[in-house]
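Protein chains: 2
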Amino acid sequence: MARTDRLFRLLHLMRTLPRPVTAARLAQETEVSERAIYRDIAALRAAGARIDGEAGYGYVLEEDPALPPQSFTRIEIEALLIGLSEAQNSGDREIAEAAQQALAKVIATLPERQQREAAHAVHYVFRYDRREVPARDLALIRKACWEEETLRLSYRDEAGKETERVVLPLTILYAEKVLVLLAWCQLRQDWRSFRIDRIAAARRTGESFRPRRVSMLREYTERMKARGRPV
Amino acid sequence: MARTDRLFRLLHLMRTLPRPVTAARLAQETEVSERAIYRDIAALRAAGARIDGEAGYGYVLEEDPALPPQSFTRIEIEALLIGLSEAQNSGDREIAEAAQQALAKVIATLPERQQREAAHAVHYVFRYDRREVPARDLALIRKACWEEETLRLSYRDEAGKETERVVLPLTILYAEKVLVLLAWCQLRQDWRSFRIDRIAAARRTGESFRPRRVSMLREYTERMKARGRPV
DNA sequence: CCCCTCCTGACAGTTTCCGTCAGGAGGGTT
DNA sequence: AACCCTCCTGACGGAAACTGTCAGGAGGGG
Chain C
1 MARTDRLFRL LHLMRTLPRP VTAARLAQET EVSERAIYRD IAALRAAGAR IDGEAGYGYV
61 LEEDPALPPQ SFTRIEIEAL LIGLSEAQNS GDREIAEAAQ QALAKVIATL PERQQREAAH
121 AVHYVFRYDR REVPARDLAL IRKACWEEET LRLSYRDEAG KETERVVLPL TILYAEKVLV
181 LLAWCQLRQD WRSFRIDRIA AARRTGESFR PRRVSMLREY TERMKARGRP V
Chain D
1001 MARTDRLFRL LHLMRTLPRP VTAARLAQET EVSERAIYRD IAALRAAGAR IDGEAGYGYV
1061 LEEDPALPPQ SFTRIEIEAL LIGLSEAQNS GDREIAEAAQ QALAKVIATL PERQQREAAH
1121 AVHYVFRYDR REVPARDLAL IRKACWEEET LRLSYRDEAG KETERVVLPL TILYAEKVLV
1181 LLAWCQLRQD WRSFRIDRIA AARRTGESFR PRRVSMLREY TERMKARGRP V
């Protein structure tokens, strides 16, 4: 591999691999020695890349010279930061972390002046109602929605009674203080909302309902509208 | 000039000089021969840059996913969308619009598959408590925070009594259902929070307190910590 | 103490790059 | 047709950069 190619590839790897990226990992991916990686990082830094690197930690690309600078107004930057803060209060740990990473990626494309504006944002989100974090099975449910795979749920209703449900999971809904799974319930043959904190267990069935998720959501939306309900 | 530097510089020149850019111009700007430029262009192309070049015309850098601009995991995309939804519920119209635009800009840089993932996101934010939108003067207050300019406020307290305040505005705080301005109040010689919906009028004084905003925020934060209060 | 990782210099051998020169292509204008 | 503009590519000899190995060091955390 030509060195030129490798330098661009390193930038790409630092953008896409989970942070932080170690020199050992980069060396493995590009099939050169670690010493070559150190040299490459130095070259990229000399060329304007802002790469944070701490002993014992790894590398984080903070400003990327290969990308066209993206331009956001100051208020757009503030809006993104508000969004990050809100996502961090979502009660969903995985989403909170993902928001942080996504925003860091966006910030890395910004010129220095705008990065400074981001650092000195004037909006601040403050929430007392830290929602219960129903960490259990949330990732599994999310994945099932993405992959349009049926789930078997053990669900506890308000009275504490537990039933087994086979559902087609459509959407994770962030309502006021609870997370809700909107799904098509095969037991009831109708749409049902399941509070995620009342899901005792969730198991994947291996059965796919692809590609029906989007059309079912459309149906649900239209039914809610027909009932004069907010969507 | 190191070749690495030169390659990034060429990308920058093609982005900023009037199109089309000739090899002769690039050679002059970077102080190398035209032959070197031809080689550099070949290297950039090998690295994925889409550079259009026609004999007798010059070069045009096609700025698009050829140099994979940004990559987000699926959950990162979902997190950004959650953030957008939350920002749209912030009660601040300007922020809501800015969030939409910022996100559109981010999405536009994504490869097609990821744009589709964004379109079929599984998370949905739903809020009953549409907050009061105190649109009046909010933009002015925001700008004053950014520019570190003193404000004169007509402020109504809970009993409806109106006072005049001269304040150094620091932060717009998104609490549960209200927007709050955190400021240093010169009348009280202390930090005060002002509910934005109770601000009857706000006027700029023309007096700057730059560059004190950041250090004052730090002070406030430290005081809150010393009092065992959440920051 | 150990572990993890980033960091830098030196070395000899290997590879790449450089400008110059030559020849060609494509498109447009007169 | 000739001429102009520009992109394009190969070859050459000399110069510059790169390579992996080895050695030594730093910082942070447990």
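Which chain is which? The protein sequence lines are C and D, in order. Numbered according to the working numbering, the first sequence spans residues 1 to 231. Numbered according to the working numbering, the second sequence spans residues 1001 to 1231. The beta-carbon is built from N, C-alpha and C at its ideal position, and this holds for glycine as well.
Cross-chain neighbours of residue i in chain C, by beta carbon under 8 Å
i                          : result
isoleucine 1082 of chain D : Gly83, Glu86, Ala87, Ser90, Ile95, Ala99, Tyr174
arginine 1015 of chain D   : Pro68
glycine 1048 of chain D    : Phe8
Separation of residue j from residue i, as counted between CA atoms
i                         : j                          : result
arginine 1006 of chain D  : arginine 1035 of chain D   : 14 Å
serine 1085 of chain D    : methionine 1216 of chain D : 31 Å
alanine 1066 of chain D   : tryptophan 184 of chain C  : Only weak support exists for where alanine 1066 of chain D lies, its pLDDT of 38 falling under 50; the value from the coordinates is given anyway. One C-alpha to the other measures close to 41 Å.
serine 1296 of chain D    : valine 1021 of chain D     : The question about residue 1296 of chain D has no answer here: the residues shown for chain D are numbered 1001 through 1231.
glutamate 1117 of chain D : serine 1154 of chain D     : 48 Å
leucine 1138 of chain D   : arginine 165 of chain C    : 49 Å
valine 1167 of chain D    : glutamine 189 of chain C   : 60 Å
arginine 218 of chain C   : tyrosine 1220 of chain D   : 48 Å
threonine 31 of chain C   : aspartate 40 of chain C    : It should be pointed out that residue 31 of chain C corresponds to glutamate in this sequence rather than to threonine. Those two C-alpha atoms are separated by around 13 Å.
proline 68 of chain C     : arginine 50 of chain C     : 15 Å
arginine 1210 of chain D  : threonine 1171 of chain D  : 14 Å
arginine 1213 of chain D  : arginine 1203 of chain D   : 19 Å
leucine 140 of chain C    : glutamate 94 of chain C    : 12 Å
glutamate 232 of chain C  : methionine 224 of chain C  : With chain C covering 1 to 231 only, the question about residue 232 of chain C has no answer from this structure.
leucine 1179 of chain D   : serine 1193 of chain D     : 10 Å
glutamate 19 of chain C   : leucine 151 of chain C     : For the sequence presented, residue 19 of chain C should be read as arginine rather than glutamate. Roughly 32 Å separates the two Cα atoms.
Helix, strand or coil at residue i according to DSSP, with G and I counted as helix
i                         : result
glycine 1083 of chain D   : helix
leucine 1067 of chain D   : Unreliable positioning characterises leucine 1067 of chain D in this predicted model, as indicated by a pLDDT of 49, which lies under 50. A coordinate reading is not provided.
histidine 12 of chain C   : helix
tyrosine 57 of chain C    : coil
glutamate 1117 of chain D : helix
leucine 181 of chain C    : strand
glutamate 1034 of chain D : helix
serine 90 of chain C      : coil
alanine 49 of chain C     : coil
glutamate 78 of chain C   : helix
glutamate 147 of chain C  : helix
valine 1231 of chain D    : Residue confidence for valine 1231 of chain D is low, a pLDDT of 44 falling below 50, so the modelled location carries little weight and cannot support an answer.
threonine 221 of chain C  : helix
glutamate 158 of chain C  : coil
aspartate 5 of chain C    : helix
alanine 43 of chain C     : helix
arginine 1213 of chain D  : helix
Residue environment, residue i, which counts as buried when at least 16 other CB atoms sit within 10 Å
i                         : result
glycine 985 of chain D    : With chain D covering 1001 to 1231 only, the question about residue 985 of chain D has no answer from this structure.
aspartate 949 of chain D  : What the structure shows of chain D is the stretch from 1001 to 1231, and residue 949 of chain D is not part of that stretch, so it cannot be assessed.
histidine 123 of chain C  : buried
methionine 14 of chain C  : buried
glutamate 148 of chain C  : buried
histidine 1120 of chain D : exposed
alanine 1098 of chain D   : buried
glycine 1083 of chain D   : buried
alanine 1047 of chain D   : buried
threonine 1016 of chain D : exposed
glutamate 1222 of chain D : exposed
histidine 12 of chain C   : buried
glutamine 28 of chain C   : exposed
aspartate 52 of chain C   : exposed
alanine 24 of chain C     : exposed
leucine 1026 of chain D   : buried
leucine 187 of chain C    : exposed
glycine 1058 of chain D   : buried
arginine 142 of chain C   : buried
glutamine 1115 of chain D : exposed
Proximal residues of chain C, C-beta to C-beta of residue i below 7 Å
i                       : result
alanine 1105 of chain D : Per the sequence shown, the amino acid found at residue 1105 of chain D is lysine instead of alanine. Gln70, Phe72, listed in chain order.
Chain D contact residues for residue i, given Cβ-Cβ distances below 9 Å
i                     : result
valine 21 of chain C  : None at all; the shortest Cβ gap to chain D is about 14 Å.
valine 233 of chain C : With chain C represented from 1 up to 231, any question about residue 233 of chain C goes unanswered, as that position is not in the structure.
Per-residue contacts from residue i into chain C (C-beta, under 9 Å)
i                         : result
aspartate 1197 of chain D : The premise fails here: aspartate 1197 of chain D is roughly 16 Å from chain C at the closest Cβ pair, so nothing lies under 9 Å.
glutamate 1164 of chain D : Simply none; closest approach about 23 Å.
7 Å Cβ cut-off: residues of chain D touching residue i
i                       : result
cysteine 145 of chain C : Val1122
leucine 7 of chain C    : Thr1004
proline 65 of chain C   : Phe1008
glycine 53 of chain C   : The premise fails here: glycine 53 of chain C is roughly 17 Å from chain D at the closest Cβ pair, so nothing lies under 7 Å.
Contacts that residue i makes with chain D (C-beta to C-beta distance below 8 Å)
i                        : result
isoleucine 75 of chain C : Glu1094, Ile1095, Ala1098, Arg1142
valine 32 of chain C     : Simply none; closest approach about 15 Å.
threonine 171 of chain C : Val1122, His1123, Tyr1124
Cβ-heavy atom distance, residue i to the ligand ZN, below 7 Å
i                        : result
cysteine 1145 of chain D : The ligand ZN is absent from the structure shown, which contains no ligand whatsoever.
*Flag this pair as touching only if the segment 193-204 of chain C and the segment 1093-1111 of chain D have three or more C-beta atom pairs under 8 Å; answer yes or no.*
no
_Using 8 Å as the cut-off, can you tell me whether the segment 74-83 of chain C makes contact with the segment 1023-1037 of chain D, which would need three or more C-beta pairs spanning the two stretches below that distance?_
Because the criterion of three Cβ pairs below 8 Å is not met, the segment 74-83 of chain C and the segment 1023-1037 of chain D do not touch.
_Pairs of beta-carbons, one from the segment 157-164 of chain C and one from the segment 1109-1117 of chain D, closer than 8 Å: are there three or more?_
no
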